[in-house]
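Student: Let me give you the structure first, and then I'll get to my questions.
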Amino acid sequence: MSSGTSAMALSQSGRLNVAELRQEIDRLMERGEATRASHLLSELWTKDNSVSTASFIVSRYEQLRPKLNLLPYRMAILRSFTVEPIVPLLRAGSFHAGIDLTVHMSDFNAHVQEILDPESSLYGFAPDVVVVAVQTRDVAPELWRDYADLNSEQVQSAATRVVGDFRSWVSNFRAR
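Everything in the sequence shown is counted per my numbering, starting at 4 for the first residue and increasing by one.
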């Protein structure tokens, strides 16, 4: 990066001027300077890793992708709660690290069906990594809802069941 670009991206106070840095990235992209634009995108992410910056970075890397040597990586997220807001942050951070992250989101509360069904979209997606993002109230409702009314044997039984469920899911997934 030239010193002119660095100076332009700083305000008089010496702080990053995000708007000017974004404009410089777009100028570099218009001129076909993918590598330099990528470096500035990384600089931008390092200094401002907000949701709005993540969206900007992802949109620019989507355009730059064919011109850069990025490592493809596929992540599936099986979930029982809303995780969509973190996807741009995950992707921007991955692009910053030289990784082209593709994310597959399961249907809401369908984590068990996705794992057990060999024809599910999970297996069709062929992920490199799977994140199981489920709330305890969804996998152990008796512990979540009735814990105060359970004796120690009932608590242990529920915990043993949950551990067994997870072991079964992992075993099923690894068998595919």
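Note that the Cβ used here is the ideal one computed from N, Cα and C, for glycine as well.
Going by the DSSP bridge assignment, what does M108 pair with across the sheet?
Tutor: For M108, which the question treats as bridged, DSSP gives the partners I80.
Student: In the DSSP assignment, what residue or residues form a beta bridge with A136?
Tutor: According to DSSP, which records beta bridges pairwise, A136 is partnered with R82.
Student: Using CA coordinates, which residue listed in M32, N154 and D168 is at the minimum distance from R68?
Tutor: Nearest of M32, N154 and D168 to R68, Cα basis: M32.
Student: Nearest-angstrom Cα distance between G7 and E46?
Tutor: Residue confidence for G7 is low, a pLDDT of 46 falling below 50, so the modelled location carries little weight and cannot support an answer.
Student: Write down the C-beta distance between A143 and V115 rounded to the nearest angstrom, noting that I regard them as a contact closer than 8 angstroms.
Tutor: Not a contact, Cβ separation roughly 13 angstroms.
Student: Rounded C-beta distance between M78 and P130? I'm assuming under 8 angstroms.
Tutor: 6 angstroms between Cβ atoms; contact.
Student: Please classify S155 as buried or exposed, where buried requires at least 16 other C-beta atoms within 10 Å of its C-beta.
Tutor: The residue is exposed, with fewer than 16 neighbouring Cβ atoms inside 10 Å.
Student: Within 10 angstroms of its Cβ, does S171 collect 16 or more other Cβ (buried), or is it exposed?
Tutor: It is exposed - the Cβ of S171 has fewer than 16 other Cβ atoms within 10 Å.
Student: Going by beta carbon distance, what residues of the same chain come within less than 6 angstroms of V133, once the five residues before and after it are set aside?
Tutor: Correct list, in chain order: A79.
Student: Whether or not the segment 99-111 and the segment 79-89 are in contact is what I'm after, with contact meaning three or more pairs of Cβ atoms, one per stretch, closer than 8 angstroms; do they touch?
Tutor: Yes, they touch.
Student: What's the gap between the Cα of N72 and the Cα of L125?
Tutor: Going by the C-alpha atoms only, they are around 26 angstroms apart.
Student: So F98 packs on Y150, CB below 8 angstroms; how close in whole Å?
Tutor: That pair is no contact at about 42 angstroms.
Student: Starting from N175, trace the alpha helix (DSSP H) in both directions and tell me its first and last residue.
Tutor: Segment S155 to A178, the alpha helix (DSSP H) holding N175.
Student: Just tell me which of A95, F176, T85 and G96 has its CA closest to the CA of Q138.
Tutor: Closest by alpha carbon: T85.
Student: Contact check, A95 vs A57 under 8 angstroms by CB: the rounded distance?
Tutor: Rounded, the Cβ-Cβ distance is 4 angstroms, consistent with contact.
Student: Could you tell me the alpha carbon to alpha carbon distance between A12 and D51, rounded to whole angstroms?
Tutor: Residue placement at A12 is poorly supported in this model, since its pLDDT is 45, which falls under 50; the coordinates still yield a value, given next. Rounded to the nearest angstrom, the two C-alpha atoms are 13 angstroms apart.
Student: Could you pull out every residue in the same chain whose Cβ sits closer than 8 angstroms to the Cβ of Q157, ignoring the five residues on either side in sequence?
Tutor: Excluding residues within five positions, the ones whose Cβ falls inside 8 angstroms are E145.
Student: What are the start and end residues of the alpha helix (DSSP H) that includes S55?
Tutor: V54 to L67 is the extent of the alpha helix (DSSP H) around S55.
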